[in-house]
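*Asks:*
In my numbering, the protein residues as written are 167 to 258.
1) In chain order, which alpha helix (DSSP H) runs of at least 4 residues are fully inside the stretch 193-231?
2) Is the separation between the beta-carbon of residue 198 and that of residue 174 shorter than 8 Å?
3) Rounding to the nearest angstrom, what Cα-Cα distance links residue 217 and residue 223 in this structure?
4) Answer with buried or exposed for residue 170, where buried requires no fewer than 16 other C-beta atoms within 10 angstroms of its C-beta.
5) For residue 182, name the three-state secondary structure that DSSP assigns.
6) When you compare only the Cα positions, how much space is there between residue 180 and residue 186?
7) Thinking C-alpha only, which one of 219, 230, 206 and 227 is nearest residue 241?
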């Protein structure tokens, strides 16, 4: 699934499926700073994060999920710099 990653002014990361409007009532545009986008398998995240996505269409990423997301964002940046191919970040 494709996601947009945003950082709030308080430093929290927000994960939102790409199919949703990033500014759609989830904060003023100056409250969210785009951090990037990923194609990522939901099974890599905790059940709590997946539940937040399902219930609210977005999720605040904390704890182990945050560390995982940041690592995968770095991996995507590194892979994209060396290749023209899209990066898929899954458990495989």
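Beta carbons: idealized from backbone N, C-alpha and C, even for Gly.
*Replies:* The answer reads as follows:
1) 213-222
2) Residue mapping note: residue 198 aligns to position 32 of the chain shown, counting from 1. Residue mapping note: residue 174 aligns to position 8 of the chain shown, counting from 1. Yes, these two residues count as a Cβ contact at 8 Å.
3) In the chain shown, counting from the first residue as 1, residue 217 sits at position 51. In the chain shown, counting from the first residue as 1, residue 223 sits at position 57. Computed Cα separation, rounded: 9 Å.
4) Indexing the chain shown from 1 puts residue 170 at position 4. Per the 10 Å Cβ criterion, buried.
5) For the purposes of this step, residue 182 is identified with residue 16 of the chain shown, where counting begins at 1. If DSSP states are grouped into helix, strand and coil, residue 182 belongs with the strands.
6) Taking the chain shown and counting its residues from 1, the one referred to as residue 180 is at position 14. Taking the chain shown and counting its residues from 1, the one referred to as residue 186 is at position 20. Straight-line Cα distance between these residues: approximately 13 Å.
7) Locating residue 241 in the chain shown gives position 75, where the first residue counts as 1. Ranking the options by Cα distance to residue 241, first place goes to 206.
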